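1680 is the number that the working numbering gives the last residue of the sequence shown; the numbers go up by one with no jumps.
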Amino acid sequence: MKFVCKLAFLSLAAAVLPGCLSDPELPSCAEFAFRTDDCGEPCEVYCEFMVSECDSVYSSMDRCINDCANEPVTNFVEGELGAESGNSLACRLTWGLEGECEEASLRNSNKCADASCDDYCALMDAHCAGAYPGLENCKQVCASLPRGASADGNNTVECRYRYATLADGDATACNPASVNGGGVCGDPCDPYCDLLAQNCTGDNEVYPDRQTCMSICGLMNADGDFDDWSFDKEIDTVQCRTYHAGPPATLEPAIHCMHTRVYNIVHCGVIPRSTQPADWPCVTFCDLMERNCPGVYPSNMDCAADCATFPEVQSPDPDMGPLIYPISSTMCPS
């Protein structure tokens, strides 16, 4: 792949680009290819420039080379110098030549972070074991996420990709990198409701519309971890339910859509499956009441006693999903 310089870059390139890029014998930087005798490996060209001109990002050649070589990104050597977008070293050099060193960085670039699901899932597999059961599961979920910019803080692939790159050596970055976004890349309820709308329809519908889904989701505990779905945890969180709304629901919606409900006896409950009591819905109900309607009941025991009289709780089929939760915190029982 040859670089093609925009005219605006030519004089600057001759002044600051290292090695073969500033060779006076070359008419322009379009006259070299990355892997030639004159130019060396792509990471060497990139890092020589960064250490020379953007030492606020990389002051050490060894550290830069190590980071560059360990990025599991498939298209780093694609693109042409002068490209202003695309997840490539060429794009980063373009912005570095403009003096925008953050945009030239490997991990914090916003303009050069057009991440593919393959790139994102390779990073998650390498740095955030447990976020997804496997690569194909990850790619399927990723394909349903909106696209955007890495620094936008929205529910996008690019925002998650940015944190997935930071997860190497910083496990706390796995939460924002996960499908739930960790409260950083959008609201955890966004992917929960998006996946339900996509995968749980018809007879398997959980909520009548997105507004109801977002309202009910807002009552649940969204302060979970990216691996709450795992079989040794199964925590009562939005994060656990979102896993079941993803690929499991695409494979067997009649089974897994049920597991996304606020009340479900099989997964993501407040009590381990092996010890579920007969009045299990009241545990979830009273947890919701304590979180969203404090003061309605003097104690948890009073809540449980009242809940036990509800006809939904006395139903012989607990998997019907009792509708005994408040629709919103402004509709708490008096």
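We treat Cβ as the ideally placed atom computed from N, Cα and C, and that holds for glycine.
Everything numeric in this text was worked out from a predicted model, so none of it was measured.
With distances taken between CA atoms, C1628 lies nearest to A1654 out of M1604, A1517, R1556 and A1654. Only buried fits R1587, as 16 or more other CB atoms lie within 10 angstroms of its CB. Secondary structure note for L1435: its alpha helix (DSSP H) is the uninterrupted segment L1435 to L1443. For Y1507, the enclosing alpha helix (DSSP H) covers residues V1503 to L1512.
Collapsing the DSSP output to three states places R1453 in coil.
As summarised for the stretch 1564-1609, the continuous alpha helix (DSSP H) elements at least 4 residues long and confined to that stretch are 1584-1591, 1593-1597 and 1599-1602, given in chain order. Of the residues assessed, Q1585 falls on the buried side of the cut-off, its CB having 16 or more other CB atoms within 10 angstroms. It is roughly 17 angstroms from the alpha-carbon of V1608 to the alpha-carbon of A1650.
If you ignore the 5 residues before and after G1570, its C-beta comes within less than 7 angstroms of the C-beta of I1581, T1583, V1584, Q1585 and C1586, all in its own chain and listed in chain order. For N1526, no alpha helix (DSSP H) run applies, since DSSP gives it neither H nor E.
Around the beta carbon of N1433, a 10 Å sphere encloses 16 or more other beta carbons of the protein chains shown; the residue is thus reported as buried. Taking 9 angstroms as the cut-off, the Cβ atoms of C1505 and P1522 count as close. Annotation: D1533 is outside any alpha helix (DSSP H) and is labelled neither H nor E by DSSP. In the three-state reduction of the DSSP assignment, H1613 falls in the coil class, being assigned neither a helical nor a strand state. In this chain, the alpha helix (DSSP H) harbouring F1395 covers P1388 to E1399.
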